[in-house]
Ligand code: IVH
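In this note's numbering, the protein residues as written are 5 to 676.
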C-alpha cells in the first residue's frame, strides 16, 4: 500500500472509532460488539506501531474512554482511572508474565502472585470519602475526568454513605463496578441491549429518582487517591474493603503459576452462567503493591494487571421453552427460548435448534442447561447440553405434526440433488394460506434486493399485517396513509416519506419482480435468468399451470429443482392473482441485457461501499454493459471493484489469484 493510502486507512479507522466511542460511552448504545470494537482498536494500534508518524491526537493510545456527556458536571480524577490490557490465550498470559519479569529483572522461573478477580461487565465509578463521609462519586469518563454523579450513586444500597472505622483512611477514592443483576435486567422492560448498557443508562439519569427505580449494585476492587498507603498487597486491600462495609467479589482469589491461573479461568468460564451478573473475564493484578509501583503504567493501562477474557463467542444458559419458527418457504425451525445471556456484547434470548433430528441427536429438553454459540451475524445456536445439570422436570420436546400456524400437514421433502430426505420439516400449505408464511413472504417482497422500500422494514410489515393493512404484496400500493400517520410512532412526515418510497419502488426490473415473488429456489441469479427468458410482465402474467415449464430447462442454470418449484408456484391461484394485481401498479423497466456492450465477457465483484452510487446501481451498470457479476472470488473473476471499507479477505484472495483490483475511480473510468 502507498503511504497515502495507509494514512487514509488509518484516518478512516480513527474516524470509525470516534463514532463508536460516542455510541458506547455517550449514548450507552453500542452499534458493534465489544470484540469488533477491540478489533478496530487493535488495528489502529498495530498501524501506529508500524507507522508511528501516523499517530493522531485522537488515537486510542491517548484515550481511556470518551469525553463525559454534557448532562453532568465534570470532575477531574485525582488519580487517573486506568483501563486494562487484555489476554485471550495461554500464550498471551505467559507473555504478560514474562514482560513483567523482564521489567523487574527477575528470573523467568519466578512464580508471581496475582490477585485474581472476576471482571464484572458494568460501569466503573470512583467514590471519594473524606473523614469517612462519601463526598463525591464520579464515572470514569475519559479516564482523566468523569461525570459527577454523586446523587445517583448514593441511591445504590451497596455504597456506604458514612464509614466509621478507625482504620478507614482519612481521604480515599474507592473504585469499583456498578452493575445490574441479570434478573433485574430481565424484569425492566427496557430499551437497552444488555445489562451493562442498562446500568450505564440508569446511572446517567438526570433525576436520581429514576436511577433508584433500576436496582443497581456496587462491588469494590481498587483505590485511586489514598492519603496513606499501608497495604502491602492488593488482597489485603480487598479484605479491608469488606471490613469497611463494601461488597467485594466472593470469587476473588490469590493464585500463582500459569497452570493454576488457567485452571481457575476454565472453572470460572463454566461457572459464569450460574452468576446473577455478567462477567467477561478475570482481572489479574500483581498482588504485591510495591511491585505494582515499580511496574507503573504503559500509557493508559497498568503493566501490573491485565484482563484474561472469556471467549466472546459462547456462553451458557437455560432453555425456558422451545418454539417453532416458520420461514418464508414453510421451513419449521425449532428455536430455544433461553434465559437471556450476554454473548460477546449481544444479549441472546433465542437460539436455533436447527431441526427435529438435531434435537434428538443432542437430546435437548426444555429446562436443560446448554452451551450456546454465536458467530458473527449468524443466528446463535445450541451446541450441547450439560446433562449433569438436567433438572428433574426437564421436558422432552414433541415436534408438531401439523403447522402450528395454519394446521396444514408437514412433510420432509425429497432432495433431488442429494437423493435424500431433507432434515427440515415444512408446512405444505400454499404460501399465503398460512399466516406466518404470509408475513415472511411480505418481508421478502419489500427487502433490499427485492422492491427495496425504505421505511417499510420487517417490524413495520408485522405491524401492518396485524392491523390488517396488508395481506398480499399488492396491498402495499393501496395503503391508507391517513391511517398510518395516526399510528403511534408515525406522523405526517414519516407517512409521506413512506408514500414516496413506495412510489419509487414501482419502477422495477422484471428480474427483481420475479425475485420479489419469493418462489422457492429462485434467488437473484435465477430470477435474472428467467427474466431474460420471459422478457415481459405480460408474458409473466400469462404463466399458469398449462405453461410448458420444461422449456426453462434450456436455460443454463435452471434445473429440475427450480422447475418443480415453479410448477408448484404457478399452480396456485393466489400467486397468479398477485402477479396480475402487481402488474397494475408496477412499471417494468426493460431488463433485456445487451450482449455487445463494452464489458462483454468481463466479470466483476464489488466489495465495500461505493460513493455516489449504490452497489445495486453499479451492478446494473455492469450488466447493462454486458458485464457479469460474480458472487465469489474465483479464477473466472476479472475485476474486484473496491469501495470504502472493503472486505480485506476478498482483497487478499484477489491478490493471490492475480485478479485486477479496481478502485472506484478506476471503475468509473472503465464504465465512463
Ligand atoms: S481494576 C488498574 N478490577 O474493567 C486497573 N477493573 O478494562 C483498573 N473491571 O474500567 C481497573 N472488574 O470497569 C479492575 N476487579 C476489577 C474489575 C475491573 C471489572 C472493569 C472496570 C475497568 C475495566 C478495565
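The beta-carbon is built from N, C-alpha and C at its ideal position, and this holds for glycine as well.
Sorted by chain position, which residues of the same chain lie with C-beta nearer than 6 Å to residue 189's C-beta, five sequence neighbours on each side aside?
-> Mapped onto the chain shown, residue 189 falls at position 185. Once the five neighbours on either side are set aside, the close Cβ partners of residue 189 are 199 and 202.
Could you tell me whether the Cβ atoms of residue 491 and residue 459 are closer together than 8 Å?
-> Along the chain shown, one-based indexing puts residue 491 at 487. Along the chain shown, one-based indexing puts residue 459 at 455. In this structure, residue 459 does not lie closer than 8 Å to residue 491 by Cβ.
Quick one: Cα of residue 371 to Cα of residue 329, how far?
-> Counted from its first residue, the chain shown places residue 371 at position 367. Counted from its first residue, the chain shown places residue 329 at position 325. Distance between the alpha carbons of residue 371 and residue 329: 19 Å.
Rounded to whole angstroms, what's the CA-CA distance from residue 386 to residue 376? Just pull it up for me.
-> What you label residue 386 is simply residue 382 of the chain shown in a count that begins at 1. What you label residue 376 is simply residue 372 of the chain shown in a count that begins at 1. Rounded to whole angstroms, residue 386 to residue 376 spans 5 Å at the Cα level.
Under 8 Å Cβ to Cβ from residue 10, same chain only, skipping five residues before and after it: list those, please.
-> Counting from 1 along the chain shown, the entry for residue 10 is found at position 6. Excluding residues within five positions, the ones whose Cβ falls inside 8 Å are 51, 55 and 58.
Coil, strand or helix - residue 435 by DSSP = One-based indexing of the chain shown puts residue 435 at position 431. Reduced to three states, the DSSP call for residue 435 is helix.
Three-pair Cβ contact test at 8 Å for the region 210-222 versus the region 146-166 | yes
Use the C-beta contact count for residue 187: other C-beta atoms within 10 angstroms, 16 or more gives buried, fewer gives exposed.
-> Position 183 of the chain shown, counted from the first residue, corresponds to residue 187. Residue 187 is exposed by the Cβ-count criterion.
Nearest to residue 336 by alpha carbon, out of 462, 281, 321 and 361?
-> Taking the first residue of the chain shown as 1, we reach residue 336 at position 332. Per the Cα distances, 361.
What is the C-beta distance between residue 230 and residue 176, in whole angstroms, given that I count them as a contact (C-beta under 8 Å)?
-> Numbered from 1 along the chain shown, position 226 holds the residue referred to as residue 230. Numbered from 1 along the chain shown, position 172 holds the residue referred to as residue 176. Between residue 176 and residue 230 the Cβ distance is about 5 Å, and since that is below 8 Å, they are a contact.
Okay, do the region 473-488 and the region 556-566 touch, 3+ Cβ pairs below 8 Å being the bar?
-> no
Going by the C-beta, is residue 144 closer than 7 Å to any heavy atom of ligand 1?
-> For the purposes of this step, residue 144 is taken as the residue at position 140 of the chain shown. Within the cutoff, so yes.
Short check: CB of residue 451 to CB of residue 431, under 8 Å?
-> Counting from one through the chain shown, the residue named residue 451 turns up at place 447. Counting from one through the chain shown, the residue named residue 431 turns up at place 427. Cβ distance not < 8 Å, so residue 451 and residue 431 don't count as in contact.
Run of the alpha helix (DSSP H) containing residue 485, from where it starts to where it stops | Locating residue 485 in the chain shown gives position 481, where the first residue counts as 1. Element bounds for residue 485: 485-489.
Considering residue 541, what are the terminal residues of the alpha helix (DSSP H) in which it resides?
-> Locating residue 541 in the chain shown gives position 537, where the first residue counts as 1. Run containing residue 541: 541-546, per the alpha helix (DSSP H) assignment.
In this structure, does DSSP put residue 409 in helix, strand or coil?
-> By one-based count along the chain shown, residue 409 stands at place 405. It is coil, neither helix nor strand.
Around the Cβ of residue 121, are there at least 16 other Cβ atoms within 10 angstroms (buried) or fewer (exposed)?
-> As a position in the chain shown, residue 121 is number 117, starting the count at 1. Buried, by the Cβ-count rule.
Given that a residue counts as buried once 16 or more other Cβ atoms are within 10 Å of its Cβ, and exposed if not, what is residue 273?
-> On the chain shown, residue 273 is found 269 positions in, with the first residue counted as 1. Under this definition residue 273 is a buried residue.
Whole beta strand (DSSP E) elements within the region 585-660, 3-residue minimum = 591-593, 607-611 and 643-646
According to DSSP, residues forming a beta bridge with residue 312 = For the purposes of this step, residue 312 is taken as the residue at position 308 of the chain shown. Its beta-bridge partners are 91 and 286.
Quick one: what's got a C-beta closer than 7 Å to residue 216's C-beta in the same chain, skipping five residues either side?
-> Counting from 1 along the chain shown, the entry for residue 216 is found at position 212. Result list for residue 216: 159, in chain order.
Taking Cβ positions, are residue 570 and residue 538 nearer each other than 8 Å?
-> Here residue 570 refers to the residue found at position 566 of the chain shown. Here residue 538 refers to the residue found at position 534 of the chain shown. No, these two residues do not count as a Cβ contact at 8 Å.
Taking 7 Å as the line, does the beta carbon of residue 153 fall inside it for any heavy atom of ligand 1?
-> For the purposes of this step, residue 153 is identified with residue 149 of the chain shown, where counting begins at 1. Because no heavy atom of ligand 1 lies under 7 Å away, the Cβ of residue 153 does not count as near it: no.
Residues of its chain near residue 20, where Cβ-Cβ distance is below 7 Å and the 5 sequence neighbours each way are ignored | Position 16 of the chain shown, counted from the first residue, corresponds to residue 20. Within the same chain, residue 20 has close Cβ partners 44.
Member of 353, 637, 498 and 471 whose CA lies at the smallest distance from the CA of residue 654 | Position 650 of the chain shown, counted from the first residue, corresponds to residue 654. Taking only the C-alpha atoms, the option nearest residue 654 is 637.
Proximity test, residue 202 beta-carbon vs ligand 1 heavy atom, cut-off 7 Å | Along the chain shown, one-based indexing puts residue 202 at 198. Incorrect: residue 202 has no Cβ contact closer than 7 Å to ligand 1.
Taking residue 324 as the reference, give the member of 298, 478, 398 and 275 with the closest Cα.
-> Locating residue 324 in the chain shown gives position 320, where the first residue counts as 1. It is 398.
Taking the beta strand (DSSP E) that residue 227 falls in, what are its first and last residues?
-> Translated into positions along the chain shown, residue 227 becomes position 223. Counting along the chain, the beta strand (DSSP E) containing residue 227 begins and ends at 220-230.
In its own chain, which residues sit with a C-beta less than 6 Å from the C-beta of residue 573, not counting the 5 before and 5 after it?
-> Reading the chain shown from its first residue, position 569 is the one you call residue 573. Closer than 6 Å at Cβ, skipping near neighbours: 523 and 579.
On the three-state DSSP scale, how would you describe residue 64?
-> Your numbering for residue 64 matches position 60 in the chain shown. Residue state, collapsed to three classes: coil.
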